[in-house]
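Residue numbers (the working numbering), protein chains in the order written: chain G, 1 to 123; chain E, 124 to 519; chain P, 520 to 666.
Cβ atoms here follow ideal geometry from the backbone N, Cα and C, with glycine treated the same way.
Below you'll find the structure, written out as structure tokens, and then a few comments.
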Amino acid sequence: MEIFLNYLKVFAVGGFVCMLGQILINKTKMSSARILVLYMLVGVVLEVTGAFKYIKDFAHSGISIPIIGFGSNLAKGALEGMKEEGLMGAISGGLGAVAAGLTTAITCGFVFGLLSKSHSKKI
Amino acid sequence: MRTVFFKNPIYVKSGFTIVGPKEADGNFGDCFDVVLKDDLWCEKSYEKCESKMHRDAITGAIFKAGLKKRDIDFMLAGDLINECAPTALAARNFPTAFFGLYNACSTFTEAVLLGSVLIDGGFAKNVTCSTSSHYSSAERQYRFPLELGNQRPPTAQWTVTGAGCTVLSAEKPKLFNYQVYEDDVIAVDKNLNVDEKTLEKYKKSVDKQKKVVNTDKSNIIKRNFSKQNNDYGAKPEYYVKIVGGTVGKVVDLGIDDESNMGAAMAPAAFDTLTTFFRDTNTTPNDYDGVFSGDLGRFGKQTLEYLMDREGLKLPNWYMDCGASYYLPEQKTFQGGSGAGCVNTAFNSYILKKLQKGELSKVIVVATGALLNKDTPLQKETIPGIAHLFSIEIEKP
Amino acid sequence: MIERQEYQEYIKQNSPKSPMVRTLFAAFIVGGLICCIGEAIGDVLKVIFKTMSEKDVATWESCIMIFFGSTLTALGLYDKIGHFAGAGSIVPITGFANSIVSPAMEFNREGVFFGVCAKMFVIAGPIIVFGTVASFTVGLIGWFTTL
Chain G
1 MEIFLNYLKV FAVGGFVCML GQILINKTKM SSARILVLYM LVGVVLEVTG
51 AFKYIKDFAH SGISIPIIGF GSNLAKGALE GMKEEGLMGA ISGGLGAVAA
101 GLTTAITCGF VFGLLSKSHS KKI
Chain E
124 MRTVFFKNPI YVKSGFTIVG PKEADGNFGD CFDVVLKDDL WCEKSYEKCE
174 SKMHRDAITG AIFKAGLKKR DIDFMLAGDL INECAPTALA ARNFPTAFFG
224 LYNACSTFTE AVLLGSVLID GGFAKNVTCS TSSHYSSAER QYRFPLELGN
274 QRPPTAQWTV TGAGCTVLSA EKPKLFNYQV YEDDVIAVDK NLNVDEKTLE
324 KYKKSVDKQK KVVNTDKSNI IKRNFSKQNN DYGAKPEYYV KIVGGTVGKV
374 VDLGIDDESN MGAAMAPAAF DTLTTFFRDT NTTPNDYDGV FSGDLGRFGK
424 QTLEYLMDRE GLKLPNWYMD CGASYYLPEQ KTFQGGSGAG CVNTAFNSYI
474 LKKLQKGELS KVIVVATGAL LNKDTPLQKE TIPGIAHLFS IEIEKP
Chain P
520 MIERQEYQEY IKQNSPKSPM VRTLFAAFIV GGLICCIGEA IGDVLKVIFK
570 TMSEKDVATW ESCIMIFFGS TLTALGLYDK IGHFAGAGSI VPITGFANSI
620 VSPAMEFNRE GVFFGVCAKM FVIAGPIIVF GTVASFTVGL IGWFTTL
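Here it is as structure tokens:
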């Protein structure tokens, strides 16, 4: 029962975050790149203000799978690096924290970009 | 005066169209000459496919008019891709003088008007007017990569995958439509003005294509060649001739949404139409066919509103080629657009109706939105343009 | 001829709008499902690797989700999901993967160098740039406040 409740929270929060994005698309005609940048910056702000931790404790992947989690990782990495290594940590910590995700994305992009071509659309 | 009247009759000798699979499922599906079963057509890229469609549309139209490539004096052609590259690549296969044109989606009417002027002035006897567009190549040039998972806005239009060609002539056509065989369309001309290496490549591509066409299980093209409504070889019932036209001016009413082109183009269409009706002292009801290019469903509604305000109510047989191109369940939202839209609709549907005498006095006004990918980013608004030509039929 | 202002007003009022209820519903369902799949991957990882730390699980989770997003894009399915779901498939990390892989696939006809590699960041470039600059700014401000 507890696990069901857990997934319900993930579903509700994740869905709600995406729904807010859809409202932005419908009302302002923002392109997908702008939506992603905006959400990532929201993640940075949430992390800095400390709100991200509480939401994450409540909804787990519901908030960390949306790109908000990517932004919060960036900010968290920079702050932690700053605490450990001073200024150099502040510079390298942000990208260091998201290095795994970024490397996966770029490698996948390269490999799949070589392997497959875009398909023509029917709808 | 922006309206021109031609002193000599300019006959439409033939029209030939090649379209993609989605277009064939649409409203004009039965009227096209060649339908591709996939929109790559044995080529490696969408631009190459567009170029090939363009080349074969011109060749097909020339054969359908009962002419040879040598008989053509001028080619007027254009498309939507950067610097008209597919058109230029197609034009290297012809030993003919070539004009490359660009006026976005209204390139076709521009080509027909200029071709008529050339013939009327006595500078040419036969002229081809052709345009092409391709959904996938236009999409990656103007919008986003095909695989990007975003939603198309409800005002978006679907670029038509298609190429078409009209042959204009100073002479009356002897036969209705000459029979076109695949071997005529897909063949290497010995007098190509290209170097050895390109010729070799070209021959290879033709061989490959012939091989696929010859097998029964051909999945490359579906032919409408043998369909009854093509009327190959019949004596002409009516001659179709271009009698005049209005050259549009660029109109900009400050629309800056690049996904809402119908709104950007409707004022230009309105301007051209009112100018034409004023200069010819006619009303929309004098014509039994009023066709606009690719305004889309919303653009059509806007144009009707604008004309109503001016007291020139458009008749209920007024039709927008783009809005009627696809069926609603094909989910194109506003309908078709692109340089191939009005072209393929005219060369198949409208031309056939004219040749059978079902329409007698027709005006075609094609509209274009003049933007590139960077101008909206530089906070520029989108100017629109519309060219118009009018057609009548003549009994033999 | 109609006045500029009046025409723009007319267009604004009469342009077709996205159906609000359907698109919001689709975004909610698909976005929620993608997050649940991510959570499920995390749970499975926790079961298999019992000693793995919470942070590593989260990192693996997003890496696997990015891989799934890329694979669906390469198979030509992600744009169909996106057509239905809108923001529901843009906002999750799979949408980020899609925005990197889709231009790479689109431009592979222009070759590896100036096609795949150069055009890969056409859409995702702003995200990486903004993210890097924002994290540096946050770190710098943090450093000044602790001085």
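Residue i - containing alpha helix (DSSP H), residue span
| i | result |
| --- | --- |
| P132(E) | P132(E) -> not in any alpha helix (DSSP H); beta strand (DSSP E) instead, spanning T126 to V142. |
| L474(E) | L474 to Q478 |
| Y54(G) | A51 to A59 |
| Y448(E) | C444 to Y448 |
| G419(E) | G419 to E433 |
| L659(P) | G644 to T665 |
| S174(E) | Y169 to K187 |
| I600(P) | Y597 to A604 |
| A211(E) | A208 to A214 |
| A468(E) | A462 to A468 |
Terminal residues of the beta strand (DSSP E) in which residue i lies
| i | result |
| --- | --- |
| C288(E) | G285 to S292 |
| S415(E) | G412 to S415 |
| S128(G) | Only positions 1 to 123 of chain G appear in the structure, and residue 128(G) is not among them; the question remains open. |
| I584(P) | A quick correction: the sequence has Met, not Ile, at residue 584(P). Run containing M584(P): none in the beta strand (DSSP E); it sits in the alpha helix (DSSP H), E573 to A593. |
| D394(E) | Here D394(E) belongs to no beta strand (DSSP E); instead the alpha helix (DSSP H) covers M384 to T403. |
| D202(E) | F197 to D202 |
| L159(E) | V157 to L159 |
| K191(E) | It is not in any beta strand (DSSP E) - K191(E) carries neither H nor E in the DSSP assignment. |
| A509(E) | G507 to E517 |
| V366(E) | Y362 to T369 |
| A492(E) | K484 to A492 |
| F544(P) | Per DSSP, F544(P) belongs to no beta strand (DSSP E); it is in the alpha helix (DSSP H), M539 to I567. |
| F222(E) | A220 to G223 |
Between the CA atoms of residue j and residue i - distance to the nearest angstrom
| i | j | result |
| --- | --- | --- |
| C165(E) | E625(P) | 18 Å |
| L36(G) | F186(E) | 53 Å |
| A489(E) | P390(E) | 12 Å |
| C108(G) | I642(P) | 16 Å |
| P611(P) | M30(G) | 16 Å |
| E2(G) | F587(P) | 27 Å |
| L564(P) | R266(E) | 39 Å |
| V373(E) | Q280(E) | 21 Å |
| G96(G) | G62(G) | 23 Å |
| E170(E) | P209(E) | 6 Å |
| D179(E) | D162(E) | 14 Å |
| S581(P) | E573(P) | 13 Å |
| K76(G) | G93(G) | 8 Å |
| L594(P) | G461(E) | 28 Å |
| G422(E) | L190(E) | 39 Å |
| G416(E) | G445(E) | 6 Å |
| Y449(E) | I609(P) | 28 Å |
| D402(E) | S513(E) | 13 Å |
| Y526(P) | Y54(G) | 49 Å |
| Y597(P) | T651(P) | 27 Å |
| A637(P) | I106(G) | 12 Å |
| L591(P) | G601(P) | 11 Å |
| L8(G) | G550(P) | 13 Å |
| R215(E) | L322(E) | 11 Å |
Interface flag, residue i vs chain B, CB-CB below 7 Å
| i | result |
| --- | --- |
| T49(G) | As a matter of chain content, chain B is missing from the structure shown, whose protein chains are G, E and P. |
Assumed close pair residue i, residue j - CB separation to whole angstroms, cut-off 8 Å
| i | j | result |
| --- | --- | --- |
| S253(E) | A293(E) | Incorrect: roughly 19 Å between the Cβ atoms, too far for contact. |
| M442(E) | L396(E) | At roughly 14 Å, the Cβ-Cβ gap does not stay under 8 Å, so M442(E) and L396(E) are not in contact. |
| F52(G) | V98(G) | F52(G) to V98(G), Cβ: 14 Å. No contact. |
| G238(E) | L203(E) | That pair is no contact at about 20 Å. |
| G557(P) | C18(G) | Not quite, the Cβ-Cβ distance comes to about 13 Å (not below 8 Å), so this is no contact. |
| L114(G) | N627(P) | 6 Å |
| C154(E) | Y472(E) | 5 Å |
| E173(E) | S260(E) | 6 Å |
| T219(E) | F197(E) | 7 Å |
| A468(E) | T425(E) | That belief does not hold up - the Cβ atoms of A468(E) and T425(E) are roughly 20 Å apart, past 8 Å. |
Query raised in the report: Using Cβ-Cβ distances below 8 Å, what residues of the stretch 256-281 of chain E are close to chain P?
Result: R263, F267, P268, L269, E270, L271, G272, N273, Q274, R275, P276, P277 and T278
Query raised in the report: In chain order, what residues of the stretch 528-553 of chain P put their CB closer than 9 Å to some CB of chain E?
Result: Y529, I530, N533, S534, P535, K536, S537, P538 and T542
**Report entry** Those runs of the alpha helix (DSSP H) which lie wholly inside the stretch 229-264 of chain E and span at least 4 residues
**Finding:** 230-243
Requested in this report: Please list the residues of the stretch 354-384 of chain E that have a C-beta atom closer than 8 Å to any C-beta atom in chain G, keeping them in chain order.
Outcome: D380 and S382
Requested in this report: Please list the residues of the stretch 597-627 of chain P that have a C-beta atom closer than 9 Å to any C-beta atom in chain E, keeping them in chain order.
Outcome: Y597, D598, K599, I600, G601, H602, F603, A604, G605, A606, S608, I609, T613, G614, N617, S618, V620, S621, P622, A623, M624, E625 and F626
Requested in this report: Below 7 Å between beta carbons is the criterion; list the residues of the stretch 429-453 of chain E that meet it against any residue of chain P, in chain order.
Outcome: L429 and R432
Query - Contacting positions in the stretch 153-167 of chain E - beta carbon closer than 8 Å to chain G - result: D161, D162 and L163
Requested in this report: Return the residues of the stretch 577-597 of chain P that lie within a Cβ-Cβ distance of less than 9 Å from chain G, sorted by chain order.
Outcome: A577, T578, W579, E580, S581, C582, I583, M584, I585, F586, G588, S589, T590, T592, A593, L594 and G595
Query - Members of the stretch 95-108 of chain G near chain P, C-beta cut-off 7 Å - result: L95, A100, G101, T104, A105, I106 and C108
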